[in-house]
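The structure appears right after this line, and notes come after that.
Written out as structure tokens, the structure reads:
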């Protein structure tokens with residue numbers, strides 16, 4: 449075989465070659481499937497592969513400007529040349545993938561929020577937890593006896609992690625105040641607390657700190673999809689099925 453013409457850097461060509469091996473779809477067929485929004489040829493996971501391998505504006509322009517024999521182009525260059533003819537390729541692919549992944553993404557966010565809500569409800573109604581918090585207050589008042597902090601009627605919840613950091617005594621260097629508190633409450637009290645709060649572990653895995661950011665990211669992607677849908681509806685390309693493919697997601 450003759451020497452192939454390379455128009456993009458070696459790393460990009462290698463990464464695209466890996467994606468093409470997974471796609472197992474000819475470049476011309478990929479372009480046709482993207483324009484037709486054909487999820488039989490390119491199901492969502494393959495659309496994501498195409499998105500990950502999509503050319504930059506510079507690489508697409510370099511491949512589009514090639515005027516020689518196309519048969520000598522490397523696999524990456526042939527792929528980029530084929531996709532370069534698709535208007536707003538990256539926005540189109542992102543929109544198609546989102547339209548098919550939205551329900552799952554929204555359900556995942558909702559599930560994380562539900563897990564935290566369940567845990568909050570358990571905390572609010574747990575009598576066992578209330579008894580443990582009373583013990584914490586009593587211990588704190590005992591340790592702070594004779595100071596202006598003694599005799600407190602309550603404490604801030606952000607003080608609770610300190611229980612696991614305060615060492616108990618020199619004789620038991622590894623034991624913390626939390627260990628001593630658990631020993632004071634007894635095994636049955638610890639068991640009742642665990643039984644009252646089964647939702648704490650799922651809530652801890654929910655990643656509530658990142659939830660707002662994840663929701664904002666999904667909302668931004670939906671807004672971008674709306675903009676792309678409006679642009680394609682106003683200026684449809686021949687053979688483009690982007691707007692129609694969105695189905696109920698269009699509105």
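In the working numbering, the protein residues as written are 449 to 699.
Beta carbons: idealized from backbone N, C-alpha and C, even for Gly.
Since this is a predicted model, take the numbers as computed values, not measurements.
Counted within 10 angstroms of its Cβ, other Cβ atoms place residue i as buried (16 or more) or exposed
i: residue 608; result: exposed
i: residue 543; result: buried
i: residue 676; result: buried
i: residue 642; result: exposed
i: residue 605; result: exposed
i: residue 529; result: buried
i: residue 635; result: exposed
i: residue 632; result: exposed
i: residue 479; result: buried
i: residue 602; result: exposed
i: residue 483; result: buried
i: residue 655; result: exposed
i: residue 493; result: exposed
Straight-line gap, residue i to residue j (C-alpha atoms, nearest Å)
i: residue 485; j: residue 661; result: 30 Å
i: residue 653; j: residue 646; result: 13 Å
i: residue 533; j: residue 666; result: 28 Å
i: residue 673; j: residue 504; result: 20 Å
i: residue 586; j: residue 663; result: 41 Å
i: residue 637; j: residue 584; result: 14 Å
i: residue 459; j: residue 659; result: 35 Å
i: residue 453; j: residue 535; result: 25 Å
i: residue 449; j: residue 522; result: Low confidence applies here, because residue 449 scores a pLDDT of 49, under 50, leaving its location unreliable; read the following figure in that light. Going from the Cα of residue 449 to the Cα of residue 522 covers about 12 Å.
i: residue 455; j: residue 566; result: 56 Å
i: residue 487; j: residue 581; result: 56 Å
i: residue 527; j: residue 545; result: 20 Å
i: residue 577; j: residue 611; result: 15 Å
i: residue 461; j: residue 669; result: 28 Å
i: residue 498; j: residue 473; result: 10 Å
i: residue 513; j: residue 657; result: 48 Å
i: residue 495; j: residue 648; result: 37 Å
i: residue 552; j: residue 679; result: 26 Å
i: residue 613; j: residue 457; result: 53 Å
i: residue 575; j: residue 640; result: 9 Å
i: residue 615; j: residue 572; result: 29 Å
Cβ pair residue i, residue j closer than 8 Å
i: residue 464; j: residue 511; result: no
i: residue 490; j: residue 481; result: yes
i: residue 467; j: residue 500; result: yes
i: residue 531; j: residue 509; result: no
i: residue 477; j: residue 564; result: no
i: residue 644; j: residue 570; result: yes
Taking 8 Å as the cut-off, does the segment 558-565 touch the segment 625-639 (at least 3 CB pairs, one atom from each stretch)? Look at the beta carbons and you see the segment 625-639 not touching the segment 558-565: under three pairs across the two are nearer than 8 Å.
Across the segment 596-603 and the segment 535-552, are there enough close Cβ pairs to call them in contact, namely three or more that are closer than 8 Å? Counting C-beta pairs with one atom in each stretch, the segment 596-603 and the segment 535-552 have fewer than three that are closer than 8 Å, which means they do not touch.
Just list the alpha helix (DSSP H) runs in the segment 563-612, keeping only unbroken ones of 4 residues or longer that don't cross its boundaries, in chain order. DSSP runs (the alpha helix (DSSP H)) wholly in the segment 563-612: 575-591.
Could you tell me which whole alpha helix (DSSP H) segments of length 4 or greater appear in the segment 614-680? If we require 4 residues or more, the alpha helix (DSSP H) runs fully inside the segment 614-680 come out as 625-633, 635-644 and 648-653.
Restricting to runs no shorter than 4 residues, where is the alpha helix (DSSP H) found entirely within the segment 450-479? Runs of the alpha helix (DSSP H) inside the segment 450-479: 458-471.
Runs of beta strand (DSSP E) wholly within the segment 474-558 (minimum 3 residues, chain order): None, since the segment 474-558 contains no complete beta strand (DSSP E) of that length.
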